[in-house]
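Just below is one structure, and these are the notes that go with it.
In the numbering used here, the protein residues as written are 35 to 276.
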């Protein structure tokens, strides 16, 4: 479908065109997207299995370049063997690597997990800190991981989790133009109400898994089509931010 004949929504109006939207209009459209996502995915939540902030922290480190399903298959045996930060900090790297090998990049992940757990023991008495500033000081922990832990383990809206699904769909929806996750998050927090930051990511991830997929988005059946300036149009490369 070309630009001259944009897809029609179920209300019969063409979706908004990128580049012709004020900041206020974008915030209003974002609010409508949030409301629609809440209708579609009311129960969406973190798909990583965890019973404590510590478990979620480790699982999120493992989830880099890996599916949550694969991580969930690994964390059960991992936490059965090393149930606390102190126990995991004392593990041999080669033993941890053997357990997490299937998640990919297992050597780097093992180093980060061991370093992170040692830092939890040394700096925080074995507890996961409840601030973004302290979390990102831990080995292997960036803004995304910190936002996941704070949002899903503590219910604290420190920012918007921007994974591959959230970044891709936010660009398609015209809420950001940036491929860089930090820049994309800056754009999203400007247009989303803070009380929706946590749920927005969970719901957009669900939408990305089932409808707005990377290679073959199902635009014809998408419930967000009326809000999307890219509906029916082949995705364009995102700006790198450089």
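The C-beta atom is built at its ideal place from N, Cα and C for all residues, glycine as well.
What residues in its chain sit with their C-beta under 6 Å from that of residue i, if we drop five residues either side in the sequence?
| i | result |
| --- | --- |
| residue 190 | 184 |
| residue 130 | 144 |
| residue 149 | 173 |
| residue 63 | 261 |
| residue 192 | 166, 181, 184 |
| residue 230 | 68 |
Kindly indicate which residue of the options has the alpha-carbon position closest to the one of residue i.
| i | options | result |
| --- | --- | --- |
| residue 69 | 234, 263, 254 | 234 |
| residue 128 | 62, 147, 246 | 147 |
| residue 151 | 90, 194, 204, 205 | 90 |
| residue 79 | 255, 187, 210 | 187 |
| residue 242 | 210, 223, 198 | 198 |
| residue 113 | 132, 92, 212 | 92 |
Identify, in the order they occur along the chain, each residue of the same chain with its Cβ nearer than 7 Å to the Cβ of residue i, setting aside the five sequence neighbours on each side.
| i | result |
| --- | --- |
| residue 102 | 81, 82 |
| residue 116 | 122, 125 |
| residue 216 | 177 |
| residue 232 | 185, 191 |
Kindly give me the distance between the Cβ atoms of residue i and residue j, rounded to whole angstroms, as I take these residues to be in contact under 8 Å.
| i | j | result |
| --- | --- | --- |
| residue 139 | residue 180 | That pair is no contact at about 19 Å. |
| residue 164 | residue 170 | Incorrect: roughly 13 Å between the Cβ atoms, too far for contact. |
| residue 67 | residue 207 | 7 Å |
| residue 159 | residue 118 | Actually they are not in contact, since the Cβ atoms of residue 159 and residue 118 sit about 12 Å apart, beyond 8 Å. |
Reducing DSSP to helix, strand and coil, say where residue i ends up.
| i | result |
| --- | --- |
| residue 36 | Its pLDDT being 36, under 50, residue 36 is placed unreliably by the model, and the measurement read from it follows with that caveat. Reduced to three states, the DSSP call for residue 36 is coil. |
| residue 143 | helix |
| residue 207 | coil |
| residue 99 | coil |
| residue 196 | coil |
| residue 111 | helix |
Excluding the five sequence neighbours on either side, which residues of its own chain have a C-beta within less than 8 Å of the C-beta of residue i, listed in chain order?
| i | result |
| --- | --- |
| residue 104 | 136, 137 |
| residue 46 | For residue 46, the predicted structure reports a pLDDT of 41, less than 50, and the residue's modelled location is therefore unreliable. A value from the coordinates is still provided. Taken in chain order, the list of residues that qualify is empty. |
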